[in-house]
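Structure, as structure tokens:
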Amino acid sequence: MKNVNIKKLTPLIRILAYSIIFIAAASYCFIIITYAQNIPMGDDYQDAIPFILQFSSDSTLVEKINQFLSPYNDHRIVTNRILYATIYAITGEINFYTLTMIGNINILALIVCYYREIRFTPERLVTLAIICSLLFQIACTRAALWPITVISNYSVITFSFLSLIFLNCKYWWGLPLAIIFAAFSTFTLASGQLVFFAGLALLLTNILDRKTSLLDRKNIIWLAAGLLILVVFYSGMPTKRLEAVITLNGTLSNQHNYIWAFFKLVGSPFAYGNHLLAGTIGICGVIILLTVAILGAWKQHVLLAFSLFLLASLAVIALTRSWGGHDYLIVYADRYRFIAFNYWICMIILTLKVLSEQALKISATLLLLTFLLCIYTYEIRTPIIKEVYHRKENGMQIWQETGDARYLSYPQGSNPKKVLMDLQTIIDEGKYTPLTLPVIAIAKDISDERPFCNQDSCFVTEKH
Numbered sequence: 045m046k047n048v049n050i051k052k053l054t055p056l057i058r059i060l061a062y063s064i065i066f067i068a069a070a071s072y073c074f075i076i077i078t079y080a081q082n083i084p085m086g087d088d089y090q091d092a093i094p095f096i097l098q099f100s101s102d103s104t105l106v107e108k109i110n111q112f113l114s115p116y117n118d119h120r121i122v123t124n125r126i127l128y129a130t131i132y133a134i135t136g137e138i139n140f141y142t143l144t145m146i147g148n149i150n151i152l153a154l155i156v157c158y159y160r161e162i163r164f165t166p167e168r169l170v171t172l173a174i175i176c177s178l179l180f181q182i183a184c185t186r187a188a189l190w191p192i193t194v195i196s197n198y199s200v201i202t203f204s205f206l207s208l209i210f211l212n213c214k215y216w217w218g219l220p221l222a223i224i225f226a227a228f229s230t231f232t233l234a235s236g237q238l239v240f241f242a243g244l245a246l247l248l249t250n251i252l253d254r255k256t257s258l259l260d261r262k263n264i265i266w267l268a269a270g271l272l273i274l275v276v277f278y279s280g281m282p283t284k285r286l287e288a289v290i291t292l293n294g295t296l297s298n299q300h301n302y303i304w305a306f307f308k309l310v311g312s313p314f315a316y317g318n319h320l321l322a323g324t325i326g327i328c329g330v331i332i333l334l335t336v337a338i339l340g341a342w343k344q345h346v347l348l349a350f351s352l353f354l355l356a357s358l359a360v361i362a363l364t365r366s367w368g369g370h371d372y373l374i375v376y377a378d379r380y381r382f383i384a385f386n387y388w389i390c391m392i393i394l395t396l397k398v399l400s401e402q403a404l405k406i407s408a409t410l411l412l413l414t415f416l417l418c419i420y421t422y423e424i425r426t427p428i429i430k431e432v433y434h435r436k437e438n439g440m441q442i443w444q445e446t447g448d449a450r451y452l453s454y455p456q457g458s459n460p461k462k463v464l465m466d467l468q469t470i471i472d473e474g475k476y477t478p479l480t481l482p483v484i485a486i487a488k489d490i491s492d493e494r495p496f497c498n499q500d501s502c503f504v505t506e507k508h
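Heads up: the sequence shown at position 40 corresponds to 84 in my numbering, and the numbers run straight through without jumps.
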């Protein structure tokens, strides 16, 4: 590729790209800062609050370490718990607003990682604007405003990307950093362990491209470190919950549904809940990866390996979370949609690298399309975000004033007595201070039953 300077871009395109970056980032930050709340939701009630109560009572270092490493469902969410403990140690209490802000920093980290992969391309400014339009998406605001999720589900992507970047590094310090970030990824969310397999794919393309040996020391160390970390991860991990979710017979008998769910997840960012459109776009997305790989994108070691990591994550989600239904996967659980957004960013970058002669025209067209999607999403999602904000605020205040916990957004299937006892205890001990606000009138569409609703505006049906 010719090393064309960025000045090749016309002044109009440069101004447009800078404007889009600013508008996308500013609108996203406005939504997050405005509607993030110091109110727990979903699995925050089952992990963050009990963790702080237990952490503050543990007296020995061994007890505290065991608390950090203890499993949560299928995961070990050590990164979350480090942040819980750090905020508690500094301020003396847990703060869910602060956690939300910290979790969203992952988007900035991802943008830096992507820019590293495009920094030598002539259309890098336009591509950066496309990336910002897709990452600063309030289509995933449910996840972005959910403290436990924005930390774990976003950080696992960041750590995995960093691990692959350092694994591809030619300097001696690249490998140890790659292993460290791979360990962080694994102990942030269960899907993080897939980075070891993505790393093997990266090393394989290195072998083919750079003619290195299969038994190269770097390859052996990566494989050995991966096996050791996985042994530690699965040590003491309960298997009953996983066995209840996925069985061999169930997988074989529902193969079509799992495959179709996978394609829907891949296409979900641009389908806006339409199942047929999501599946069709998802099939196209996988075909694009195969096509660009054949055309030479396999030499883009980091991006190709990262794409495989994201695809594998979506495949595992389709396999293990389909019990919630396809509506749950592609409409309500937007933390999975964030993975798909990152996948499509990889597809765009790889396509531009393969079609370098037409890259500027393609990127300029995609810039307008992605920005229009960003505006459209902002328009349709903002009212929903406002509604959810008032539901959470109202639910907490109603509980404080009347003791009625029906409108608190603790997860379905949890033990209500324990949830409410922990919540009351952490408030009484001064380790969490909810906002004191006037009770807002309950919305007319809220029924007398506890709102485990299946509307797009509700959080409460989702499980971490």
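Even glycine gets a Cβ: it sits at the ideal position worked out from N, Cα and C.
- With a 10 Å radius around the Cβ and a threshold of 16 neighbouring Cβ atoms, V106 comes out exposed.
- In the three-state scheme derived from DSSP, where H, G and I count as helix and E and B as strand, Y451 is classed as coil.
- Cβ contact annotation for I138 (same chain, cutoff 8 Å, sequence separation greater than five): A92, I93, I96, Y128, I131, Y132, I470, K475 and Y476, in chain order.
- By the beta-carbon neighbour count (other beta carbons within 10 angstroms, threshold 16), C418 is buried.
- For the options F225, K405 and L412, the alpha carbon positioned closest to that of A61 is the one of L412.
- Excluding residues up to 5 positions away in sequence, C157 and F225 lie with their Cβ nearer than 7 Å to the Cβ of L206 in the same chain.
- For the pair of segments examined, the region 357 to 377 was found not to touch the region 257 to 264: the number of CB pairs separated by less than 8 Å stays below three.
- Proximity to G86 across P460, K397 and T202 peaks at P460, based on C-alpha coordinates.
- In the DSSP assignment, the residues bridged to H119 are Y116.
- In the assembly as shown, Q402 is an exposed residue. Its beta-carbon has fewer than 16 other beta-carbons within 10 Å.
- If only uninterrupted beta strand (DSSP E) runs of at least 3 residues are considered, none is enclosed by the region 141 to 218.
- Put simply, of E161, A188, T193 and T165 the residue whose alpha carbon is nearest the alpha carbon of F74 is A188.
- Here DSSP, grouped into helix, strand and coil, assigns I442 to helix.
- Within the same chain, I201, I383, A384, N386, Y387 and C390 come within 8 Å of L354 by CB-CB distance, once the 5 residues on both sides are set aside.
- Under the three-state reduction of DSSP, L258 is assigned to coil, being neither helix nor strand.
- Nearest in C-alpha terms to A341, of all of A315, G317, I273 and L252, is L252.
- By the criterion of a C-beta distance shorter than 6 Å, P191 is surrounded in its chain by D88, F140, L143 and T144, once the five residues flanking it on both sides are discounted.
- For F350, the three-state secondary structure derived from DSSP is helix.
- For the pair A269 and I223, the CB atoms are nearer than the 8 Å cut-off.
- DSSP places N124 within a helical segment (H, G or I) once states are collapsed to three.
- When secondary structure is reduced to three states using DSSP, E473 falls in the coil class, being assigned neither helix nor strand.
- Of M440, V432 and S407, the smallest CA-CA separation from R168 is found for S407.
- In this structure, DSSP gives D91 a state outside helix and strand, which the three-state scheme calls coil.
- Judged by beta-carbon spacing, I65 lies beyond the 8 Å limit of T232, meaning their Cβ atoms are not closer than that value.
- Counting only runs of 4+ residues, the alpha helix (DSSP H) found wholly inside the region 308 to 384 occupies 319 to 338 and 345 to 365, in chain order.
- Boundaries of the alpha helix (DSSP H) harbouring A70: P55 to Y79, taken from the DSSP string.
- Remark: C-beta atoms of G147 and Y198 approach each other more closely than 8 Å.
- DSSP, reduced to helix, strand and coil, places I138 outside both helices and strands of the structure shown, so it counts as coil.
- Counting other Cβ atoms within 10 Å of its Cβ, W304 reaches 16 or more and is therefore classed as buried.
- For T256, same chain residues with a beta-carbon under 7 Å away, outside a window of 5 residues either side, are N250 in chain order.
- I429 is not a Cβ neighbour of Y116, given a cutoff of 8 Å.
- In terms of Cβ geometry, F350 and L221 do not form a close pair [threshold 8 Å].
- A distance of 8 Å or more separates the beta carbons of Y316 and A362.
- G323 and A359 have their C-alpha atoms some 13 Å from each other.
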